[in-house]
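To start, the structure under review is shown below, and the notes come after it.
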């Protein structure tokens, strides 16, 4: 047994593993481990998911925007090559899901060694495009009911103009979009940059527990053209959505932000 | 720079430290470090708090029961030798706070090297008793408006009868009591034992983020003889409570439990 270590701001999270199942990649360094938290995907040294808690992240990223929308027929997912986001989005029976993943090898190796997509990527309604997500969002002439940004890092700090433009385009081409926005506790500069670079569009932030991510506290952005209120409980029931973490109470609770986060939002 | 490591269930949290300020103790092994998360207290190898996030834990443990009570004049704190709980409870201007800490050296060394009590333990309204908390609760003939159980571990798994009796007594001698109940994500057996051993009294569970604790997700029990609803926002304003994490929205949101936790509660 050995330890995988991921450092952040003078702290680190370690996971014990019995085997490294894969290491390789062209665009990114892909590592896949068999760990005490199940199988684990690491990209460029950062844990992307473990089987023990990926359901929390994917449910919070996907069901919050999907349930805010009254009828999500057409869905775009940027990133998310592991297929966990597609798996959750399919629960809403959309007509089509387009997934734009920059790194084909992430998709291939996740399917070969892990398979958290649970067959979702083979679904007839799912179209996978291998392309840069920012480029796709910039150029597309399509509009989407729901857009989900899963894991691409538009380099919030060094390229604020590009980031602001990206969020603007996401807002333009969708009714509702969500994006993961890192740890507000350990990655404060990053989070502040996201707040600043998104301040020109309508958006709210929400948070979730996420044990294998730095600080165990993860933030998300939700941007909507159709308001932020809905009868979530009724929609969960109508659509027959089954989850392991997310529910209507968690949906509403995730928008309650602590004082120190509200201060960061007010600075932006 | 070296690393302090705390392991849990095949994972570990590490904090970088530049200096070990103290090591000693008679009842427990006390270590105090100067770390990347500020000063840090460790008892028997487990992180008790870091200056960077102790406010989250202490605010969630103390203000939830204190604000549920309409007029908390008389407060009992079991454990909490660092004084962080007393510091938060004093914000409610009670007439008296009794703190029962089993280990005098924890109080002395925390004050000497850290001081998160911010002078609270010198307050005229605060009475510190060095005694076993379970024994105190068993024998006292006093009643308290609010009782806060901060950190003593009544050994939920190996001594269920003793634990059940302890919770029963806490319920008997207080209007409202709260207790920290560990990580529901990594310490599932422990949490299930708490659920079982408290099932004979009225109680609810609530959760909070806590970056330096295992999984970053921490649970608490709240037991009340006066119901579980109150106008928290009004009371915060009336009492002039200033916090860095806790607020009325967080209070209510902390009772929203994920599906996997609700399943554990239903088993109990």
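Protein chains in written order, with the numbering used here: chain D, 1 to 268; chain H, 269 to 536.
For glycine and all other residues, C-beta sits at the position ideal for the given N, C-alpha and C.
Quick caveat: nothing in here was measured; it's all calculated off a predicted structure.
Residues bridged to residue 207/D (per DSSP): Taking the first residue of the first chain as 1, we reach residue 207/D at position 207. The partner list for residue 207/D (beta bridge, DSSP) reads 219/D.
Nearest-angstrom Cβ-Cβ length linking residue 147/D and residue 173/D, presumed shorter than 8 Å: For the purposes of this step, residue 147/D is taken as the residue at position 147 of the first chain. For the purposes of this step, residue 173/D is taken as the residue at position 173 of the first chain. 7 Å between Cβ atoms; contact.
Cross-chain neighbours of residue 534/H in chain D, by beta carbon under 7 Å: If you number the second chain from 1, residue 534/H lands on position 266. None at all; the shortest Cβ gap to chain D is about 14 Å.
Residue 16/D: first and last residue of the uninterrupted beta strand (DSSP E) it sits in: Within the first chain, the letter at position 16 stands for residue 16/D. Here the beta strand (DSSP E) through residue 16/D covers 11 to 24.
One or two residues paired with residue 308/H in a DSSP bridge: Position 40 of the second chain holds residue 308/H. When beta bridges are read from the DSSP output, residue 308/H appears opposite 301/H, 318/H.
Neighbouring residues, chain D, relative to residue 518/H (Cβ below 7 Å): Mapped onto the second chain, residue 518/H falls at position 250. At a beta-carbon threshold of 7 Å, the residues of chain D lying near residue 518/H are 256, 258, ordered along the chain.
Residue-level contact to chain D via CB, residue 477/H, 8 Å cutoff: Numbered from 1 along the second chain, position 209 holds the residue referred to as residue 477/H. Chain D contact via Cβ: present.
Partner residues on chain D for residue 457/H, Cβ-Cβ distance less than 7 Å: Looking up residue 457/H in the second chain gives position 189. Result: empty, since nearest Cβ-Cβ is about 15 Å, beyond 7 Å.
For residue 120/D and residue 137/D, the rounded distance between their alpha carbons: If you number the first chain from 1, residue 137/D lands on position 137. If you number the first chain from 1, residue 120/D lands on position 120. Spanning the two alpha carbons is a distance of roughly 23 Å.
Top-ranked residue by Cα proximity to residue 336/H, from 501/H, 475/H, 278/H: As a first step, residue 336/H is located in the second chain; it is residue number 68 there, counting from the start. The option with the nearest alpha carbon to residue 336/H is 501/H.
Close-in-space but distant-in-sequence residues of the same chain around residue 126/D (CB under 7 Å, 5 per side omitted): Residue 126/D sits at position 126 when you count from the first residue of the first chain. Excluding residues within five positions, the ones whose Cβ falls inside 7 Å are 86, 97, 99, 120.
Length of the line joining the Cα atoms of residue 510/H and residue 521/H: Locating residue 510/H in the second chain gives position 242, where the first residue counts as 1. Locating residue 521/H in the second chain gives position 253, where the first residue counts as 1. For residue 510/H and residue 521/H, the distance between alpha carbons rounds to 19 Å.
Any chain H beta carbon closer than 8 Å to residue 243/D: For the purposes of this step, residue 243/D is taken as residue 243 along the first chain, with counting starting at 1. Answer yes: the Cβ-Cβ gap between residue 243/D and chain H drops below 8 Å somewhere.
Chain-ordered chain H contacts of residue 99/D [CB-CB under 7 Å]: Here residue 99/D corresponds to residue number 99 of the first chain, with the count starting at 1. In chain order: nothing, as chain H lies at least about 26 Å away.
Under 8 Å between C-beta atoms of residue 181/D and residue 166/D: In the first chain, counting from the first residue as 1, residue 181/D sits at position 181. In the first chain, counting from the first residue as 1, residue 166/D sits at position 166. Against a cut-off of 8 Å, the Cβ pair of residue 166/D and residue 181/D comes out as no contact.
Residue range of the beta strand (DSSP E) that includes residue 566/H: Past the boundaries of the shown model lies residue 566/H; chain H is included only from 269 to 536, so the question cannot be answered.
7 Å Cβ shell around residue 94/D - same chain, five flanking residues per side excluded: In the first chain, counting from the first residue as 1, residue 94/D sits at position 94. These residues qualify, in order along the chain: 72, 73, 74, 75, 125.
CB-CB length for residue 101/D against residue 81/D, believed under 8 Å: The residue given as residue 101/D occupies position 101 in the first chain. The residue given as residue 81/D occupies position 81 in the first chain. Rounded to whole angstroms, the Cβ separation of residue 101/D and residue 81/D is 4 Å, and the two are in contact under 8 Å.
Run of the alpha helix (DSSP H) containing residue 84/D, from where it starts to where it stops: Here residue 84/D refers to the residue found at position 84 when the first chain is read from its first residue. For residue 84/D, the enclosing alpha helix (DSSP H) stretches over residues 84 to 90.
Inter-residue Cα distance where the pair is residue 230/D and residue 145/D: As a first step, residue 230/D must be located in the first chain, where it is residue number 230. As a first step, residue 145/D must be located in the first chain, where it is residue number 145. Here the alpha carbons of residue 145/D and residue 230/D stand approximately 15 Å from one another.
Beta-bridge pairing of residue 367/H - partner residues as DSSP gives them: By one-based count along the second chain, residue 367/H stands at place 99. Under the DSSP definition of a beta bridge, residue 367/H partners with 345/H, 396/H.
Nearest candidate by alpha-carbon position, reference residue 61/D, set 70/D, 187/D, 226/D, 77/D: Walking along the first chain from the start, residue 61/D turns up at place 61. Comparing Cα positions, the closest option is 77/D.
Selection from 208/D, 32/D, 9/D, 25/D that minimises the alpha carbon distance to residue 17/D: Locating residue 17/D in the first chain gives position 17, counting from the first residue. With distances taken between Cα atoms, residue 17/D lies closest to 32/D.
Counterpart residues of residue 271/H in DSSP-defined beta bridges: For this step, residue 271/H is matched to residue 3 along the second chain. According to DSSP, which records beta bridges pairwise, residue 271/H is partnered with 284/H.
Members of the stretch 476 to 499 of chain H that neighbour chain D once the beta carbon cut-off is set at 7 Å: So the list reads 477, 479, 483, 484, 485, given in the order they occur along the chain.
Chain H contacts made by the stretch 173 to 186 of chain D, where a contact means CB separation under 9 Å: 183, 185, 186: these are the residues of the stretch 173 to 186 of chain D whose beta carbon lies less than 9 Å from some beta carbon of chain H, given in chain order.
Bridge-paired residues (DSSP) for residue 276/H: As a position in the second chain, residue 276/H is number 8, starting the count at 1. The partner list for residue 276/H (beta bridge, DSSP) reads 279/H.
Proximal residues, the stretch 280 to 310 of chain H versus chain D, C-beta separation under 8 Å: The stretch 280 to 310 of chain H vs chain D, Cβ under 8 Å: 280, 281, 282, 283, 284, 303, 304, 305.
Rounded straight-line distance, which links the Cα of residue 332/H to that of residue 493/H: Counting from 1 along the second chain, the entry for residue 493/H is found at position 225. Counting from 1 along the second chain, the entry for residue 332/H is found at position 64. Going by the C-alpha atoms only, they are around 14 Å apart.
CB contact below 8 Å: residue 253/D versus chain H: Against the first chain, residue 253/D aligns to sequence position 253. Judged by the 8 Å Cβ criterion, residue 253/D is in contact with chain H.
Cα-Cα separation, residue 477/H to residue 216/D: Mapped onto the second chain, residue 477/H falls at position 209. Mapped onto the first chain, residue 216/D falls at position 216. Distance from the CA atom of residue 477/H to the CA atom of residue 216/D, rounded to whole angstroms, is 7 Å.
The beta strand (DSSP E) enclosing residue 415/H, as first and last residue numbers: Here residue 415/H is taken as the residue at index 147 of the second chain, counted from 1. Annotation: the continuous beta strand (DSSP E) that includes residue 415/H extends over 412 to 418.
Top-ranked residue by Cα proximity to residue 236/D, from 164/D, 267/D, 59/D: As a first step, residue 236/D is located in the first chain; it is residue number 236 there, counting from the start. Here the closest residue by C-alpha is 59/D.
Same chain only: Cβ atoms within 6 Å of residue 352/H, ignoring 5 sequence neighbours per side: Indexing the second chain from 1 puts residue 352/H at position 84. Excluding positions up to five away in sequence, the list reads 322, 326, 384.
Chain D contact for residue 508/H (CB, 8 Å cutoff): Here residue 508/H corresponds to residue number 240 of the second chain, with the count starting at 1. For residue 508/H, the closest Cβ of chain D is not nearer than 8 Å.
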